[in-house]
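Number of protein chains: 2
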Amino acid sequence: MRFDDPPPEPLASAPGFLLSWNGQRIARSFAAALEPLGLRPPHFGVMTLIEANPGSAQRELVERSMIDASTMVAVIDELEERGLAQRRADPGDRRKRAVYLTPTGKRTLERARTAAMETARAIFDPLDQRELETLTKLLRKLAGAGP
Amino acid sequence: MRFDDPPPEPLASAPGFLLSWNGQRIARSFAAALEPLGLRPPHFGVMTLIEANPGSAQRELVERSMIDASTMVAVIDELEERGLAQRRADPGDRRKRAVYLTPTGKRTLERARTAAMETARAIFDPLDQRELETLTKLLRKLAGAGP
DNA sequence: TATTGTTATACTCTATAACTATA
DNA sequence: TATAGTTATAGAGTATAACAATA
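As you go down the protein sequences, you meet chains R and E in turn.
Each residue of the first sequence is one higher than the last, beginning at -15 in this note's numbering.
Each residue of the second sequence is one higher than the last, beginning at -15 in this note's numbering.
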């Protein structure tokens, strides 16, 4: 059994398996799409958060993600090394580090987003527009997100 | 953000994220359901394969799963230690080890299956029967499995 | 020479706990 | 005393490569 092939019965009839299988498959494709940019999924997630909340303290980024504090340090270290993000002093509280994207970071994030969208399009290609909408609606409901 | 809470927008609108999120969530619940039985998901998967093909060589189990050879050795070692499976000599080829479930192994697998089904029921509880069928159909199509 | 199973080893990812500095 | 950030360390899980026995 490989990720390229469709799963065999009876697995392909079990919704729990199908969900986990397709989820892993898309997570993999997503990681592969990010790789040429030198990014892994956590980098993308953190950059997206920084973009939405520029100047966040690391603590806030930890709270809004599922990344713990020590991993967050490592991720932001790597973003800084690549010139994609910057830590600056927080004028009001010297313990805090305010995190920003650099212009290069913003451009890279935009490219990453494009790559991610292309990947998603390829993965969801077997479904037509209406089916994709139905799937999204059901998955939202399953996740407990509002309608 | 935690796995207990629904994901925030705009993530909750992205089908790729929703798929990965729900997939991870069910994989976690599945692992948690197995834990009281002293099993992890790979144990369950391998036991299911052995049950369907008693006397398989380890090589066959590797081919039919996504577990590599050295990991398979470790998994079967653990099943043997717990008295759930047995390696026997293959009469036709002395390199091969024919793998079987013990009676205890069969009973444990049955209990694990029950636990897994209860977990799936709890996870899919937000959907009614018709919605669950639609979701399964769409996920099958997405995975490339026949109708 | 190829195959089956095994072992030893290394690697990735993440989590835990202890530490520094500020509040 | 509590909080923000950091570092060092350990753990789970998996993969890679070398090896012994057998074909």
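Note that beta-carbon positions come from the ideal geometry of N, C-alpha and C, so glycine has one too.
Treat the numbers as computed from the prediction; the structure is a model and nothing was measured.
Roughly how many angstroms separate the alpha carbons of A82 of chain E and G76 of chain E, rounded to a whole number? 10 Å
Comparing alpha-carbon positions, which option in E:L3, E:L18, E:L68 lies nearest A11 of chain R? It is E:L3 whose Cα lies nearest to the Cα of A11 of chain R.
Can you give me, in chain order, the residues of the segment 50 to 66 of chain R that have a beta carbon less than 8 Å from any beta carbon in chain E? Cβ proximity to chain E below 8 Å picks out M50 from the segment 50 to 66 of chain R.
Determine, using beta-carbon pairs with one atom in the segment 113 to 131 of chain R and one in the segment 24 to 39 of chain R, whether at least three such pairs fall under 8 Å. no
Going by alpha carbons, who is nearest to M(-15) of chain E out of R:A73, R:P110, R:E64, R:D52? R:D52
C-beta atoms of N6 of chain E and A(-4) of chain R nearer than 8 Å: no
What is the DSSP secondary structure of A129 of chain E, counted as helix, strand or coil? coil
Whole-angstrom C-beta distance between T55 of chain R and L68 of chain R, which should lie under 8 Å: The pair is not a contact, with the Cβ atoms about 17 Å apart (cut-off 8 Å).
For A(-2) of chain E, name the three-state secondary structure that DSSP assigns. coil
Say whether chain R places a C-beta atom closer than 8 Å to the C-beta of K125 of chain E. It does: the Cβ of K125 of chain E has a partner Cβ on chain R nearer than 8 Å.
Return the chain-ordered ranges of every alpha helix (DSSP H) run that is complete within the segment -4 to 36 of chain R and spans a minimum of 4 residues. -1 to 18, 25 to 36
At least one CB of chain R closer than 8 Å to the CB of F28 of chain E: is that the case? no
Indicate whether at least one CB of chain E lies closer than 8 Å to the CB of P(-1) of chain R. Yes, contact with chain E.
Can D74 of chain R and A106 of chain R be called in contact, C-beta distance under 8 Å? no
Anticipated Cβ contact below 8 Å, A21 of chain R with A99 of chain R, distance rounded: The sequence shown places Leu at residue 21 of chain R, rather than the Ala named in the question. With a Cβ gap of about 7 Å, L21 of chain R and A99 of chain R count as contacting.
Which of helix, strand or coil DSSP assigns to L68 of chain R: coil
So who's on the other strand from L116 of chain E, going by DSSP bridges? DSSP lists no partner for L116 of chain E.
How far does the beta strand (DSSP E) with R81 of chain E in it extend, from its first residue to its last? Bounds of the beta strand (DSSP E) holding R81 of chain E are 81 to 85.
Per DSSP, which residues does S40 of chain R bridge with? Please list them. R:V83
Name the residue from E:F14, E:G89, E:F1, E:G130 whose alpha carbon lies nearest to the alpha carbon of M101 of chain E. E:F14
Who are the neighbours of A96 of chain E on chain R, taking C-beta pairs under 8 Å? Within chain R, no residue comes near A96 of chain E; the closest Cβ sits about 13 Å away, beyond 8 Å.
Might you give, ordered along the chain, the residues of its own chain that have their beta carbon closer than 8 Å to the beta carbon of Q8 of chain R, omitting 5 neighbours on each side? F(-13)
Measure the C-alpha to C-alpha separation of D(-11) of chain E and D109 of chain R and round it to an integer number of angstroms. 29 Å
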